[in-house]
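J.:
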Amino acid sequence: MTQSLISHSLPWSGVLRRLTQAKPDFAEWLEQSCQEPITAARIETWFAELRGLGAEGVAMDPTTCRKVLRQLRQRTFYLAMIRDLGGLAPIDEVVTAMTKLADWSVEQAYLTVMSDLVAAHGIPRDLATGLPQEMLIIGMGKLGGCELNVSSDIDLVMLYGDEGETDGPREISYHEFYSRLTQRMMPILSEMDADGQVFRTDLRLRPDGDSGPLAWSLDAFEQYLFTQGREWERYAWLKARPMPARAFTDSDSKLNVQHLESMRIPFVYRKYFDFDALAALRSLRERIRQDWQRKALARPGVDSRLNIKLGEGGIREIEFVVQLSQLIRGGKMPALQQRGLLDALQAQRRAGILPALTVKHLAEAYVFLRRTEHALQYAEDAQTHLLPSDPSRMAELAHAMRMSLPEFTQTLEQHREFVAYTFRDAFRLAGLSDEPAPPKKTTAMSSSEIGDSGTTLSALERSLSHFGEDASALTKRVEAFLDGSRVRSASASSKARIDTLLPSALDAANQTAQPMTAALRMLDLIEQVTQRSAYLALLAEYPETLARIARMMAASPWAAQYLIQNPVVLDSLIAWHTLMTPINYEQAGQAMRTDLDACVLPDGSPDVEQQMNLMRDMQRQLSFQLLAQDLEGALSVESLADQLSALADMLLDETLARVWPLVCKPQEGQACPSLRLAIIAYGRLGGKELGYSSDLDLVYLYDDPREDAAEVYAKLARRMTSWLSTMTSSGRLYDVDLRLRPDGDAGLLAVSVEAFRKYQLEHAWPWEHQALTRARYAAGNRAVGDAFEAIRQEVLAASRDPVALIAEVRKMREKMTSGHPNPSPDFDLKHDAGGMVDLEFVTQYLVLTQSKNHPELISNLGNIALLRLAADAGLLDQDLAARAADAYRDLRRRQHEVRLQGADRARVPSSELKEARAAVRELWEAVLGE
1 MTQSLISHSL
11 PWSGVLRRLT
21 QAKPDFAEWL
31 EQSCQEPITA
41 ARIETWFAEL
51 RGLGAEGVAM
61 DPTTCRKVLR
71 QLRQRTFYLA
81 MIRDLGGLAP
91 IDEVVTAMTK
101 LADWSVEQAY
111 LTVMSDLVAA
121 HGIPRDLATG
131 LPQEMLIIGM
141 GKLGGCELNV
151 SSDIDLVMLY
161 GDEGETDGPR
171 EISYHEFYSR
181 LTQRMMPILS
191 EMDADGQVFR
201 TDLRLRPDGD
211 SGPLAWSLDA
221 FEQYLFTQGR
231 EWERYAWLKA
241 RPMPARAFTD
251 SDSKLNVQHL
261 ESMRIPFVYR
271 KYFDFDALAA
281 LRSLRERIRQ
291 DWQRKALARP
301 GVDSRLNIKL
311 GEGGIREIEF
321 VVQLSQLIRG
331 GKMPALQQRG
341 LLDALQAQRR
351 AGILPALTVK
361 HLAEAYVFLR
371 RTEHALQYAE
381 DAQTHLLPSD
391 PSRMAELAHA
401 MRMSLPEFTQ
411 TLEQHREFVA
421 YTFRDAFRLA
431 GLSDEPAPPK
441 KTTAMSSSEI
451 GDSGTTLSAL
461 ERSLSHFGED
471 ASALTKRVEA
481 FLDGSRVRSA
491 SASSKARIDT
501 LLPSALDAAN
511 QTAQPMTAAL
521 RMLDLIEQVT
531 QRSAYLALLA
541 EYPETLARIA
551 RMMAASPWAA
561 QYLIQNPVVL
571 DSLIAWHTLM
581 TPINYEQAGQ
591 AMRTDLDACV
601 LPDGSPDVEQ
611 QMNLMRDMQR
621 QLSFQLLAQD
631 LEGALSVESL
641 ADQLSALADM
651 LLDETLARVW
661 PLVCKPQEGQ
671 ACPSLRLAII
681 AYGRLGGKEL
691 GYSSDLDLVY
701 LYDDPREDAA
711 EVYAKLARRM
721 TSWLSTMTSS
731 GRLYDVDLRL
741 RPDGDAGLLA
751 VSVEAFRKYQ
761 LEHAWPWEHQ
771 ALTRARYAAG
781 NRAVGDAFEA
791 IRQEVLAASR
801 DPVALIAEVR
811 KMREKMTSGH
821 PNPSPDFDLK
831 HDAGGMVDLE
841 FVTQYLVLTQ
851 SKNHPELISN
861 LGNIALLRLA
871 ADAGLLDQDL
881 AARAADAYRD
891 LRRRQHEVRL
901 QGADRARVPS
911 SELKEARAAV
921 RELWEAVLGE
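Sequential numbering of the sequence shown, starting at 1, is according to full-length UniProt numbering.
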């Protein structure tokens, strides 16, 4: 079997034939070794064998290091070839082995040169700790992504911490020390000799490229990155990875690595969706399309289709599709921040960015193209990506990959066609539309037609002229906007985008049912995002999005204010079809959990601030999706409330999951004990009648025998409430009201199940039992939630004096009326007689007095369902119950409409809803009247 594996590779690989002929003993070693996978442990074992026994812990001299590493590379490369072409090694084994070889080789070269330099000049030390200071060696590109080719170059960037001077007799500056270290490492790795080379090395990705220093201090690197870092360097640093290289046993590079990551991540991944990068990414796509065509024209006889990396449907196009979403969305969706391409693809599938079938086909294409690339490089150990132009040689390639020529050709063509199609469609697939806004036609303007801001006044005048008698007032508002401090202090690029946006925004507003209203609100939005170039870029890039925003601005003042206060949701409007799709809460929750897991500080601990902001951003995004569907008439008021309640439940459950480990703080290596707390929702969330701006009425219940349970769960309740209600840079998740817990503000923040039961049965006021009718388990420990439900049933099914309870309910109703006076002639949909509170009090009374004999009323089904059940049980007239239920629907619908129009109070002219009000009053008199 082993002989056949080697024999299979020999016809294809000239380097293998020549080496095995020259070194029969090496061919024998390959035969004996090719059945086992290539692992990191095997590579280290080979290194020890090649170096010689007894040499551990002693630095090699440069000559020995060169020889050993080249022999190590021979073993890894040729064994990878035989196992790969023989069908034994999956792609992951091959690229991981080559990456491990590179890591090991760079570290050994580093140790060798460091030993010589320390002997001559002393040790460079960390100025704060006095400990030896290691160099940070950064692997870039495929080396950084742990997906190295078998004949790849390696791209390195060399960094170090403090500046200073070494402590030896011939002291030199750290800058000179690390520059010499870098310079002397390179020949060990890349110089060609009788044993070949280890890896060709490339240092040109360092700041300033070939003209810059070989090694940079972290402070100098940070200064460069955030003042001079260019767009293409963001792509370069996306995969950057600190390599394992430690020359001193008492050194600690953890803080320097954390410092580096704290620079790299915000440089590569912007905090919000990075629409500033769209133009650069579109230019990059065009360069990828044209690059190889241009090269092919310069090389007659070379077909661009032969290049499986740069040609159409090649590896680079797959990389672009994946990195497009990473660079645009990765700052806001940390789970996308994957270095490896296949990992990044799966992350985008889980996040719902790329369809599962697209990801499957792209992954298959990538693996096939990379395996083909490796086969091409096995032939002569050269970094090539060109398919053979000779048909017979192409047949040999197919055979090397264990395929017939027709099968290989067809498979290759199918993969490349799919990749090319996906590449052309990349922006649409990523939810970024398909094409940018068409360039605006401009005409030459005289100096008198150009405003101080540089805005083309004639373009504005054309837009303003469409507003008729409102044009004068709108012109004054535009002038005030342009003269405002936000615009005057904006960057030149932002001002240029504003110049383009203003006429477009006014034109979009003019197409709505309320042009002037929409125009003024559009100006407010643009003013709000003037300092955020990414949002200006989004609005400038997508004119259809601008039109959708204008329609929403015209339709609802509340929606307009929501957009202005939460511009983070603007990107949702690009993919309108997706925005109109029903929310899959299971999928959304999984995507959120994955992103939250990826929110970590450089030391590996959770980044709580980022997690809190991410949850707020998601809540805004999903609420906005519901708002868009609401304004389009796709949701009933009841369905909307159900979905907003489901969203709150999901966020409560996830908040508990994030806060509990911060409170319980287990010992290192141990897990948190099980959470024994449930969140009970009251009020609008309890009744699943949540609105866009509703607060959450919550009670925290626990059932835990531990001695410190009261203290622990009180702390958890405080932290939980803080997580939900603290104002961060992304706003507040929810306002939280805890006053419905036993004893109200004077009570414990978290209550034991037994104490809650005792309070409800022995001390609760009737109004607290009214509130209990709309309470339900919402999140946390299910068993504790079940215990609550059992208590709730016990309390609601208890015997009560109906007459006495009527008096209590009427007294509470009068108290509510006095607490919400209405001096206006309008009808308050909630609080006035015949309003929603009247009907809610009736159903609560029926539940409290009738559940003992009619247990079906105990379930928290909502007022409309409870009225139907009461009628079915003979407790209400069927016709009256039906009319009251319809009235409640009408009242809720009208309340929702008034809220969307931005009213502080849900009041309508008294001439409206007379039948509904009469039905509710008739119900009240029938059940709670004198």
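We put the beta carbon where it would ideally sit given N, CA and C, even for glycine.
(1) Quick check for students: name the residue ranges of the alpha helix (DSSP H) that lie wholly in the stretch 121-164, counting only runs of 4 or more.
(2) On the criterion of 16 or more Cβ atoms from any shown chain inside 10 Å, does residue 230 qualify as buried, or is it exposed?
(3) Could you tell me if residue 824 is buried or exposed, where buried requires 16 or more neighbouring beta carbons within 10 angstroms of its beta carbon?
(4) Can the beta-carbon of residue 829 be found less than 8 Å from the beta-carbon of residue 847?
(5) With contact counted as at least three CB pairs below 8 Å, one residue from each stretch, are the stretch 707-715 and the stretch 684-693 in contact?
(6) With a threshold of 16 other CB atoms inside 10 Å of the CB of residue 803, please say whether the residue is buried or exposed.
(7) So residue 217 is in the beta strand (DSSP E); what residue range does that whole segment cover?
(8) What residues match up with residue 827 in a beta bridge as DSSP calls it?
(9) Please state whether the Cβ-Cβ distance between residue 105 and residue 218 is less than 8 Å.
(10) Would you mind listing the beta strand (DSSP E) stretches within the stretch 203-286 that are 3+ residues and don't spill past its ends, in chain order?
(11) Could you spell out the range, first to last residue, of the beta strand (DSSP E) harbouring residue 776?
(12) How would you call residue 515, buried or exposed, if buried means at least 16 neighbouring beta carbons within 10 angstroms?
(13) In whole angstroms, what is the alpha-carbon distance linking residue 919 and residue 896?
(14) Taking all protein chains shown into account, do 16 or more other C-beta atoms lie within 10 angstroms of the C-beta of residue 65, making it buried, or fewer, making it exposed?
(15) Once the 5 residues before and after residue 598 are set aside, which same chain residues still bring their CB inside 7 Å of it?
(16) Take residue 117 and list the residues in its own chain whose beta-carbon comes closer than 7 Å to its own, dropping the five residues that flank it on each side.
(17) Going straight from the alpha carbon of residue 326 to that of residue 235, what length do you get?
(18) Going by beta carbon distance, what residues of the same chain come within less than 6 Å of residue 257, once the five residues before and after it are set aside?
(19) For residue 635, would you say it is in contact with chain B, using Cβ-to-Cβ distances shorter than 8 Å as the test?
(20) Whole-angstrom Cβ separation of residue 750 and residue 702, contact assumed at under 8 Å?
(21) Within 10 angstroms of the Cβ of residue 127, are there 16 or more other Cβ atoms? Answer buried if so, exposed if not.
(22) Look at residue 154 and residue 110 and say whether their C-beta atoms are less than 8 Å apart.
(23) Would you give the residue range spanned by the beta strand (DSSP E) that residue 681 belongs to?
(24) Strictly by DSSP, which residues pair up with residue 834?
(25) Would you call the stretch 480-494 in contact with the stretch 527-543, where contact means no fewer than 3 C-beta pairs closer than 8 Å?
(26) Consult DSSP for residue 717 and reduce its assignment to one of helix, strand or coil.
(27) Would residue 156 and residue 139 qualify as a contact pair, given that the criterion is a beta-carbon distance under 8 Å?
(28) Spatial neighbours of residue 834 within its chain, please: C-beta separation below 6 Å, excluding the five flanking residues on both sides.
(29) At 4 residues or longer, what runs of the alpha helix (DSSP H) sit wholly inside the stretch 695-767?
(30) Between residue 796 and residue 850, what straight-line distance do the alpha-carbon atoms span, to the nearest angstrom?
(31) Where do the N-terminal and C-terminal ends of the alpha helix (DSSP H) with residue 378 fall, by residue?
(32) Tell me the DSSP secondary structure of residue 863 in three-state form.
(33) Can you name, in chain order, every residue of its own chain whose Cβ lies under 6 Å from the Cβ of residue 785, other than the five neighbours on each side?
(34) Tell me the DSSP bridge mates of residue 63?
(35) State the start and end residues of the unbroken alpha helix (DSSP H) segment that holds residue 516.
(36) Could you tell me whether the stretch 552-570 touches the stretch 604-624, using the rule of 3 or more Cβ pairs below 8 Å?
T.: This is what the structure gives:
(1) 141-144
(2) Translated into positions along the sequence shown, residue 230 becomes position 230. So residue 230 ends up on the exposed side.
(3) Counting from 1 along the sequence shown, the entry for residue 824 is found at position 824. When all chains shown are included, residue 824 counts as exposed.
(4) As a working mapping, residue 829 is identified with position 829 in the sequence shown. As a working mapping, residue 847 is identified with position 847 in the sequence shown. For residue 829 and residue 847, no; Cβs fall outside 8 Å.
(5) no
(6) On the sequence shown, residue 803 is found 803 positions in, with the first residue counted as 1. The residue is exposed, with fewer than 16 neighbouring Cβ atoms inside 10 Å.
(7) Counting from 1 along the sequence shown, the entry for residue 217 is found at position 217. Here the beta strand (DSSP E) through residue 217 covers 215-217.
(8) Sequence index remark: in the sequence shown, residue 827 carries index 827 (1-based). DSSP output for residue 827 lists 908 as bridge partner(s).
(9) To locate residue 105, count along the sequence shown from 1; it is residue 105. To locate residue 218, count along the sequence shown from 1; it is residue 218. Going by C-beta atoms, residue 105 is not nearer than 8 Å to residue 218.
(10) 215-217
(11) By one-based count along the sequence shown, residue 776 stands at place 776. Segment 776-780, the beta strand (DSSP E) holding residue 776.
(12) Within the sequence shown, residue 515 is the residue found at index 515, counting from 1. Buried, because 16 or more other Cβ atoms sit within 10 Å of the Cβ of residue 515.
(13) Walking along the sequence shown from the start, residue 919 turns up at place 919. Walking along the sequence shown from the start, residue 896 turns up at place 896. Taking the straight line joining both Cα atoms gives about 20 Å.
(14) By 1-based counting over the sequence shown, the position of residue 65 is 65. Flag for residue 65 reads buried.
(15) What you label residue 598 is simply residue 598 of the sequence shown in a count that begins at 1. Here the set comprises 334, 335, 337.
(16) Here residue 117 corresponds to residue number 117 of the sequence shown, with the count starting at 1. Cβ neighbours of residue 117 beyond the five flanking positions: 177, 180, 181.
(17) Looking up residue 326 in the sequence shown gives position 326. Looking up residue 235 in the sequence shown gives position 235. If I take the Cα positions, the gap works out to 10 Å.
(18) If you number the sequence shown from 1, residue 257 lands on position 257. Around residue 257: 242.
(19) Structure shown: chain B not included; a single protein chain is present.
(20) Taking the first residue of the sequence shown as position 1, residue 750 is located at position 750. Taking the first residue of the sequence shown as position 1, residue 702 is located at position 702. About 6 Å separates the two Cβ atoms, so the contact holds.
(21) The residue you call residue 127 lines up with position 127 of the sequence shown. Exposed, by the Cβ-count rule.
(22) Taking the first residue of the sequence shown as 1, we reach residue 154 at position 154. Taking the first residue of the sequence shown as 1, we reach residue 110 at position 110. Cβ distance not < 8 Å, so residue 154 and residue 110 don't count as in contact.
(23) One-based indexing of the sequence shown puts residue 681 at position 681. Note, residue 681: beta strand (DSSP E), 677-682.
(24) Within the sequence shown, numbered from 1, the residue matching residue 834 stands at position 834. None, per the DSSP bridge assignment.
(25) yes
(26) Here residue 717 refers to the residue found at position 717 when the sequence shown is read from its first residue. It is helical.
(27) The residue you call residue 156 lines up with position 156 of the sequence shown. The residue you call residue 139 lines up with position 139 of the sequence shown. Cβ atoms of residue 156 and residue 139: closer than 8 Å.
(28) Residue mapping note: residue 834 aligns to position 834 of the sequence shown, counting from 1. Only 917, 920, 921 meet the Cβ criterion.
(29) 709-725, 753-762
(30) Start at 1 with the first residue of the sequence shown, and residue 796 comes out as number 796. Start at 1 with the first residue of the sequence shown, and residue 850 comes out as number 850. Between residue 796 and residue 850, the C-alpha separation is close to 9 Å.
(31) As a working note, residue 378 is residue 378 in the sequence shown. First-last of the alpha helix (DSSP H) with residue 378: 356-380.
(32) Along the sequence shown, read from residue 1 onward, the residue named residue 863 stands at position 863. Helix at residue 863.
(33) Numbered from its first residue, the sequence shown carries residue 785 at position 785. Within the same chain, residue 785 has close Cβ partners 678, 777.
(34) Position 63 of the sequence shown, counting from 1, holds the residue named residue 63. DSSP, once it has assigned bridges, lists no residue as partnering residue 63.
(35) Locating residue 516 in the sequence shown gives position 516, counting from the first residue. Note, residue 516: alpha helix (DSSP H), 515-528.
(36) yes
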